[in-house]
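Per our numbering, residue 73 is the first one in the sequence shown, and the count goes up by one each step.
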Amino acid sequence: MKVAEVETDSSVLAEALRRVGVEVRWGAAVVAVYGRDRDILRVLRAEDRPVLGVSPPGVDAKLAALELRELPLLPELELKAVDAMRLVAESGGQRVVAINEVALLAAEPAALVRYSLYVDGVFVFNDMGDGCLVSTPVGSTAYALSAGGAVIAPGAGVVEVVPVNSMLRRPPHVFPADAEVELRGARSRSDILLIGDGAERVKYRDSAVVRHAGTAKLLIRVQREGPTPRLPPSALLLRKILEERGPLTASEIVSLTGLSPRTVRHALERLRSAGLVRSVVDPTDPRRRVYMA
73 MKVAEVETDS SVLAEALRRV GVEVRWGAAV VAVYGRDRDI LRVLRAEDRP
123 VLGVSPPGVD AKLAALELRE LPLLPELELK AVDAMRLVAE SGGQRVVAIN
173 EVALLAAEPA ALVRYSLYVD GVFVFNDMGD GCLVSTPVGS TAYALSAGGA
223 VIAPGAGVVE VVPVNSMLRR PPHVFPADAE VELRGARSRS DILLIGDGAE
273 RVKYRDSAVV RHAGTAKLLI RVQREGPTPR LPPSALLLRK ILEERGPLTA
323 SEIVSLTGLS PRTVRHALER LRSAGLVRSV VDPTDPRRRV YMA
C-alpha cells in the first residue's frame with residue numbers, strides 16, 4: 073500500500089511529511105508516530121488504524137518502517153500492514169495492555185517470585201525465579217528473547233510463556249493465541265507488578281489473567297529480493313551496514329568502517345548503479361546526502 077495521508081501529533085514529523093507531499097490531517101486512515109519503539113508501542117496499544125513508525129536520525133527503532141531522513145521515499149515506498157497481537161492482562165480489577173509482552177515481576181530488584189501457571193484452567197507448572205513473561209510473536213524478539221524465549225514468526229497465532237531466570241530451569245512454553253493464561257498465587261517479599269510493554273503497570277492481586285484482545289496493525293516495508301550482482305568486499309560491507317544501521321552519510325560510513333573516503337565513494341557508486349542503495353538530500357543539512365539500502 074502507498075501512504076498519501078496520515079494523522080500525527082508530532083509537529084516535527086508533520087512538517088517533514090508535508091514537505092514530501094503527504095497530507096497531514098486528523099482522522100486520516102494511517103497514524104504516523106515519530107520516536108522510538110516505546111512510542112510506537114504506545115500508539116499500537118490504543119489504535120486500530122494502521123500505524124507507521126518513523127524514527128529520529130540515528131535511532132535504531134525495530135518497529136519503525138523508516139527513518140526521518142528517508143521520508144522523501146515515502147510517497148513511492150511500498151508498505152504492508154502486518155497484524156500485531158494485542159494482549160490484555162487483568163488483576164484485582166485493574167488491567168494493562170501490551171503489544172510485546174505482559175511481565176509478572178517483583179517491584180524490588182533481586183526479589184524472587186513464586187507463582188503457578190494455568191492455561192485454560194489446567195495446571196501447567198509451579199516456578200520460582202525473577203518472574204514470568206507472556207509474549208506475543210512481535211514481542212518474541214524483545215524482552216522474551218533476552219530471557220531465553222524463542223523467536224516466533226510475526227503472523228503465528230500463538231503466545232509464548234517465558235519464565236525469567238527460573239530456579240527450576242523451566243523452559244518457554246507456546247500456546248494457541250486464544251488460550252487464557254493465568255498466573256495464580258504469586259508470592260514475593262516485595263510487591264508484585266503486572267507490566268505491559270515496560271510502560272503500563274498495576275499491582276498484582278492474587279491472580280492475573282492474560283488474554284488475546286484483538287490485533288493492531290503495523291506498517292512495514294515490502295522487501296523485494298532480486299539477483300545480487302558481483303560486488304567488491306567493500307561494497308558488500310557497506311550494504312550490510314546500511315541494512316543494519318539505516319541511513320548514513322558518507323562521512324559517517326568512513327567513521328564506522330575505517331575505510332578511506334575514496335573507497336567508500338567508489339563502493340557507494342557501485343551499490344547505487346546496482347540499484348541496491350539510494351541517496352537523498354539530508355533534510356538536516358542540505359549540503360550532504362544520506363545513503364540507505
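Backbone N, C-alpha and C define an ideal beta-carbon position, used for all residues, glycine too.
Residue of Gly93, Ser323, Arg110 minimising C-alpha distance to Glu272: Arg110
Bounding residues of the beta strand (DSSP E) (the contiguous stretch that carries Trp173): Note that residue 173 is Glu in the sequence shown, not Trp. Note, Glu173: beta strand (DSSP E), 173 to 178.
Residue span of the alpha helix (DSSP H) that contains Ile325, given as start and end: 322 to 329
Neighbourhood of Leu146 by C-beta distance below 8 Å, restricted to the same chain and skipping five residues each side: Val75, Leu89, Val92, Val94, Leu138
For His284: DSSP bridge partner residues: Leu159
Buried/exposed call for Pro122, threshold 16 Cβ in 10 Å: buried
C-beta contact flag for Val349 and Ala365 at 7 Å: yes
Sub-7 Å separation of Pro244 and Glu232 beta-carbons: yes
Residues of its chain near Asp250, where Cβ-Cβ distance is below 7 Å and the 5 sequence neighbours each way are ignored: His284
Identity of the residues DSSP links to Arg261 by a beta bridge: The partner list for Arg261 (beta bridge, DSSP) is empty, contrary to what the question assumes.
Residue(s) in a DSSP beta bridge with Asp354: Looking at the DSSP assignment, Asp354 forms no beta bridge with any residue, so it has no partner.
Straight-line gap, Ile313 to Leu320 (C-alpha atoms, nearest Å): 9 Å
N-terminal and C-terminal residue of the alpha helix (DSSP H) that Asp192 is part of: Counting along the chain, Asp192 falls outside any alpha helix (DSSP H), and DSSP gives it neither H nor E.
Status (buried if at least 16 other CB within 10 Å, exposed otherwise) for Thr356: exposed
Residues near Glu315 by beta carbon distance below 7 Å, same chain, minus five either side: Ala365
Cβ contact check for the stretch 211 to 227 and the stretch 160 to 179: 3 or more pairs under 8 Å: yes
Spatially closest choice to Asp199 from Val326, Pro144, Leu266, Asn237, by CA coordinates: Asn237
Rounded Cβ spacing between Arg158 and Gly270 (contact assumed at less than 8 Å): That pair is no contact at about 16 Å.
Alpha-carbon spacing of Asp278 relative to Val234, whole angstroms: 20 Å
Proximity to Ser351 [Cα-Cα], best of Tyr363, Arg359, Val96: Tyr363
Burial state of Leu310, where buried means 16 or more other Cβ atoms lie within 10 Å: buried
Pro235 - partner residues in DSSP beta bridges: Cys204
Counted within 10 angstroms of its Cβ, other Cβ atoms place Arg359 as buried (16 or more) or exposed: exposed
Sub-7 Å separation of Ser260 and Ala153 beta-carbons: no
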